[in-house]
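So the structure is just underneath, and the comments pick up after that.
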Amino acid sequence: MNHAPSDEEMRALLASRPAIAIVGASSRPDRPSHGVMNVLLDAGYDVTPVNPNESVVLGRTAYPDLRALPTPIDLVDVFRRPEHVPGIARQAVAVGARALWTQLGVISEEGARIAREGGLFVVMNHCTAIEHERLIGRAFPSPSDAVGLCETCRHARLVQTPRSRFWMCERAATDASFDKYPRLPRLACRGFEPKS
Ligand code: SF4
């Protein structure tokens, strides 16, 4: 039986800032995959285009298929017709991805089954860009922005060292589901409560 992902599950996946491979990414600005890739790059995700007919998309080197990717990816975002999804799901399992995600209008029960049996989290018929905006709501901090993830949360404690400063989550002391040194984007944490 299918399991429709909850908002909480999708938020957790996106908040983990997965490395994303966009299968079917196009260099043509009029294509939805191009616009979505642009949004995801602006949001701070590491995005790699996968398309045998492209060499570069939005400044990123394109690869012909998932097996050709030089680095591990977490989330496979599919902009292909449904009949291609089972084969992409097999590749996603083979390369050790954590999630298979198909865009609006792309539904393949067989692809979903293959991915789930391979241990992947599956989201179908949703747009990554729309869900990022809805569930995360802002760009991830740049790698140099180690401070400020929890800056305005009342559970955050500022730790100052001679060389840097960062925020520690005090909820982590009593609840293991909170990272001691969070890496979530601002306000993405379910435990966020503003300072009074
Ligand atoms: S509860 Fe969330 S936002 Fe608040 S300090 Fe902890 S990790 Fe940061």
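In terms of my numbering, the sequence shown is numbered consecutively and its last residue is 203.
Ideal Cβ positions, reconstructed from N, Cα and C, are used throughout, including at glycine.
On a predicted model such as this, the values are computed, not experimentally measured, just so you know.
- For Leu82, there is no enclosing alpha helix (DSSP H); the residue is found in the beta strand (DSSP E) stretching over Leu82 to Val85.
- For Val113, the three-state secondary structure derived from DSSP is coil.
- When Cβ pairs closer than 8 angstroms are counted between the two stretches, the stretch 44-58 is seen not to touch the stretch 100-120, the count staying below three.
- Considered as a whole, the stretch 33-86 harbours 39-50 as its complete alpha helix (DSSP H) runs of no fewer than 4 residues, in chain order.
- Shortest gap from the CB of Ala183 to any heavy atom of the ligand SF4: 8 angstroms or more.
- Look at Arg172 here: in three-state DSSP terms it is strand.
- In its chain, beyond the 5 residues on either side, Val100 have a beta carbon closer than 8 angstroms to the beta carbon of Gly126.
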